[in-house]
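Take a look at the structure set out below.
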Amino acid sequence: MKHLSQSLSMKTALSAALLSLACAQALAEVRLPQVFGEHMLLQRQQAIPVWGWAQPGERVRVQLHRQSATTTANAQGRWQLRLQPEAAGGPYTLRVQGENRIEFKDVLLGDLWLASGQSNMEWSLAQSANAEREIAHSNLPKMRHLKIPKSVAFAPQDDLAPAQWKAASAHNSGEFSAAAFFFARKLLRETGVPIGIVNASWGGTNVETWISRSALATLPEMQLDAMPLDAPAARLRYTQKMDAVVRAWQHSAVDESGAASQWKKADYDDQHWVTLKAPQYWEEQGLPDFDGVVWYRRDVYLNDAQVAQSAVLELGTVDDCDDSYVNGKRVGSICQWDAPRRYALPAGLLHPGRNVIAVRVTDNGGGGGFYGDAAALKLRLGDEALALSGVWKARVESYLDKGDPPPNDLPSLLFNAMVNPLIGLPLKGVIWYQGESNVPRAQQYAQTFPLLIQDWRTQWNRPKLPFYFVQLASFLPLEKNRLMGSDWAELRDAQSRTLKLPGTGMVVATDIGDAQSIHPLNKQDVGLRLALLALKNDYGKKNLVASGPVYRSMRVRGAQVEIVFSEVGRGLAIAKGAQALQGFTLADASQQFLPAQARIQGHKVIVSRPGMEHPVAVRFGWVDNPQQNNLVNRDGLPASPFRSDDWPGLTDGVKYQF
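Counting in my numbering, the sequence shown runs from -11 upward without gaps.
See the structure below:
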């Protein structure tokens, strides 16, 4: 035993020595952050910073094209140097020499754009319209794309998770951001300058998570002093919050007894359960910010003739996952938030009298529960369809064990993890597609969105860094449009108001939305319109028309309202296929908006409503889904929704809370 003990001690000592040597070697090795790599693109015509880590005092030499520069790592092991600006060109090799040698081949000099936002920016080329054809014709070696890995952090990070630059090709392009791909392709075709895209986007995220803590601290209502500073504190705060939400809603805690295993059974007594409407997100019905598992139950009474028919259970769309049962038997399960549920029921499962449908819904983030078209919820019995929309019994089983907080749980999480590591990288500009997740507090977005732009400009030390964004597309069924107010319209208005910042531009997308999907597949026009803004403002194409008509002013003349627009291009027009202008409403002193007639007169639009003798305010496209708007300029670019009044809105006073 003594010899065995001595042997183990020697092995332990040897292992410790080898580990110490390996650590020393790792410290001595020159390392660059993940934003550097083969196939990368560096910004032309600006000084080129190169930075990284090495052993303190280690000499580091950097070579690119015909340039060479040397520096020394500081006491913390960090080093940085700047190469002189270069013209567009390449491919070159970036060489970094210290105790070790790094080479990144196929490096281009061109224009680098940061593409950010939520799912409509993240949406890939492979998911978009005409994907197969677009990918097949995407061999563009002068286009480069870097997808930033999704990550959250409580403090600003100096590096990313491992990431890889890729050149556009039929093999790679399907993974690219579709909107960014079409933007870059248009710029590349028009200018010949290599274009790079850094894609830092995450579906469903709000604007507050993309803003630095220092910038948010300028808004007193953010109450950052109460923000958890690490993961354990955030986890405790989250569990306390969810416990309170669940108890307030169903007057009891989550199930910890295992009783939920009985909730699918037809003979289970659910008389003390609370209720939820379907379709409607549960966040709108007393479960704010709740992610987790909720059961729905509903009784259906059938007669002999009905149970003799073939039966299909149709549940519409469920966010995110469902496990569906009929009379205690599992009939289907899908875990895809936008997939319709249709489950054929086996013969004999239904019986005359009471039948019970039970659905276990799991939501992993964002909205939860049944959503979409109420007519899609039905029990189809032969040619008959029994409606299942309306009130269901409901009960929470559990809330999500999130581990690290999701990006929307706290402010600045994505800035810290996905933006801060990029700040040393020179940019040509930013393209942005986000806003859907901020609709419930649209009025506040008029503060927070400009704050984000100013914050990023400060971080990059570029006060006029070009920043182009996409206004929310049309969404939600037309029959849900109401003229008394719209939070979606208020968010679009907040975006329009952001154009007061210099160096910004907005793409109007009301004509290319999808009433049934928050992710319209036409990303070609989104990218093209973003590119028009950049070409006009940043590439010298001053004669381009890059915007649709923009509301400038209105004047009341008797019973008519005269509206003046800027950005009319070659003149105002009605979109192809339409006979008359649509989307205009008028209100008098009653503040009740009603549909109005409108006609084009030169560069103006004249609006009136029979019987309204004293109009005082006009709105255009002020609904959730303004896809019927058809005012364009003769270059085919649509007018943005607008209002002339400043009357109270639906989201006034609604503030961000974490």
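We put the CB at the ideal spot given by N, CA and C, even for glycine.
Around the Cβ of residue 130, a 10 Å sphere holds 16 or more other Cβ atoms; the residue is buried.
Pairwise C-beta distances place the stretch 608 to 619 in contact with the stretch 468 to 485, as three or more of them are shorter than 8 Å. According to the DSSP assignment, residue 256 belongs to no beta strand (DSSP E), since it is labelled neither H nor E. With a beta-carbon spacing of about 6 Å, residue 377 and residue 267 fall inside the 8 Å limit used to define contacts. In this structure residue 634 is exposed. Its beta-carbon is surrounded by fewer than 16 other beta-carbon atoms within 10 angstroms. As DSSP reads the structure, residue 263 sits in a beta bridge with 381. Counting only runs of 3 or more residues that sit fully inside the stretch 596 to 627, the beta strand (DSSP E) segments are 605 to 608, 619 to 621, in chain order.
In this structure, the alpha-carbon of residue 637 lies about 56 Å from that of residue 61. Within the same chain, Cβ atoms closer than 7 Å to the Cβ of residue 270 are found at 264, 278, 282, 356, 357, the five residues on either side in sequence being excluded. For residue 213, the three-state secondary structure derived from DSSP is helix. Distance check between residue 316 and each of 347, 253, 102 places 253 closest, using alpha-carbon atoms only. With respect to residue 591, residue 559 sits close: the two C-beta atoms are nearer than 8 Å. Residue ranges of uninterrupted alpha helix (DSSP H) with 4 or more members, entirely inside the stretch 169 to 219 and ordered along the chain, are 201 to 204. Separation of residue 595 and residue 580 (C-alpha to C-alpha, rounded to the nearest whole angstrom) is 16 Å. The straight-line gap separating the alpha-carbon atoms of residue 173 and residue 488 is approximately 28 Å. Taken through DSSP and simplified to helix, strand or coil, residue 286 comes out as strand. Here DSSP, grouped into helix, strand and coil, assigns residue 164 to coil. Its Cα nearest to that of residue 491, the residue 524 stands out among 371, 524, 180, 387. Beta-bridge analysis with DSSP links residue 91 to 83. Cβ atoms of residue 27 and residue 132 come within 8 Å of each other, at about 6 Å. Inter-residue distance for residue 83 and residue 125 is about 33 Å (C-alpha atoms, whole angstroms). Here DSSP, grouped into helix, strand and coil, assigns residue 342 to strand. Minimum Cα-Cα distance from residue 625 among the listed residues 570, 598, 537, 341 corresponds to 537. Nearest C-alpha to residue 305 among 290, 326, 513: 326. DSSP places residue 572 inside the beta strand (DSSP E), whose first and last residues are 572 to 575. Of the residues assessed, residue 583 falls on the exposed side of the cut-off, its CB having fewer than 16 other CB atoms within 10 angstroms.
For residue 135, the beta-bridge partners assigned by DSSP are 187.
In this structure, DSSP gives residue 36 an extended state, which the three-state scheme calls strand. With a cutoff of 8 Å on beta-carbon distance, residue 286 and residue 381 are scored as near each other.
The three-state reading of DSSP puts residue 407 in helix, counting H, G and I together.
The stretch 445 to 459 and the stretch 403 to 421 touch, with three or more beta-carbon pairs separated by less than 8 Å. In the same chain as residue 73, and ignoring 5 residues on each side of it, the C-beta atoms closer than 8 Å to its own belong to 32, 33, 34, 35, 36, in chain order. Boundaries for residue 438: no beta strand (DSSP E) harbours it, while the alpha helix (DSSP H) harbouring it runs 430 to 447, taken from the DSSP string. Taking a contact as a CB-CB distance under 8 Å, the pair residue 539 and residue 463 does not count as one, their CB atoms being some 22 Å apart. By the 16-neighbour rule on beta-carbons within 10 angstroms, residue 122 is buried. Residue 372 has 369 as its beta-bridge partners, per DSSP.
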